[in-house]
Amino acid sequence: MSPQSKILLVLGAGKNIGQGVADKFRSAGYRVALVSRSANHGEKTPEGDLTLRADLSDVSSVPPVFAEVKKAFGGPPSVVVYNAATLTAPEDPENLFTVPIEKFEQNLVVLNTSPYIAAREAISGFETLDKDTPKAFIYTGNLLAGRTQPVPLYVVLGTGKSAASYWIGSASGIYKDKGYKFYFADERSPEGQGVPSGKLSGKAAGDFYWQLSEEENDIPWFATFVAGKGYVYFPESSRT
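The letter at position 174 of the sequence shown is residue 154 when you use the numbering used here, and the numbering goes up by one with no holes.
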């Protein structure tokens, strides 16, 4: 396996999880491409990462990202992390059915349709890689896919995350024999509760995502983890 075949693509590369994942994989010898809406397209960060601009609410933006990575690095990404998220609140905070429909649909593109397309593109690339190159698609999830919350604010976010979790779980089983890994990665508190977005640990995500990608393990596709501990199973809010 050539080190040059190890390429990380982060879609939705923010300053917390996106940066933490990039730092970990880069330190392990991966070349890194970072995608966000505000990136300076085609430039390099001081660390040498490629930056690409894309609006993931536009499904047509996803395939060109993979083409750009292949052009820049000479091959497809071997690990793809989908970290983009969005949330439109209901206009009436007490009524979950008051999210404007155009916003509801736009949010679902970011949360479900674009990652679905990204997974399709990832598999196309995996099929061209050496047998020994780790191949993984990791979606940054949250508690809402494992436990329904009667909170109107979360209706779009929970719908999108839950929808994506279904096909991720299916892909995990379908592609297992090929060695293609699929994970819905979900950081929790030690008690199994969701972690507020402002308190998520980029470093813990980087360490865990690297473990999921690189190590042989029995961690299930619905991969809940706790910062400083790694994988932890929470039976009341997990999926199979």
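Here a beta-carbon is modelled for each residue, glycine too, at the ideal position from N, C-alpha and C. Treat the numbers as computed from the prediction; the structure is a model and nothing was measured.
Per DSSP, the unbroken alpha helix (DSSP H) holding A185 starts and ends at G182 to E194. Going by DSSP, I97 is part of the alpha helix (DSSP H) stretching over S94 to F106.
In the displayed model, F5 falls within a helix according to three-state DSSP. Comparing alpha carbon positions, the residue from L133, A47, A116 and L32 closest to L67 is L133.
Scanning its chain for C-beta atoms nearer than 6 Å, with the 5 sequence neighbours on each side dropped, one finds around V90 the residues L36, S37, A64 and T66, in chain order. Rounded to the nearest whole angstrom, the C-alpha separation of N20 and P215 is 43 Å. In this structure, L(-11) is the residue among V1, L(-11) and G172 with its C-alpha nearest to the C-alpha of K50. Counting the other Cβ atoms within 10 Å of the Cβ of F5 gives 16 or more, which makes it buried. Distance from V212 to R168 at the Cβ level is roughly 7 Å; contact confirmed, criterion being Cβ atoms closer than 8 Å.
For the pair E27 and V12, the CB atoms are nearer than the 9 Å cut-off. Across the structure, G208 and A184 are spaced so that their CA atoms are roughly 7 Å apart.
Distances from the CA of V1 to each of Y119, S150 and P95 were compared; the closest alpha carbon is that of Y119. In the displayed model, V42 falls within a helix according to three-state DSSP. Around the beta-carbon of F77, fewer than 16 other beta-carbon atoms lie within 10 Å, marking it exposed.
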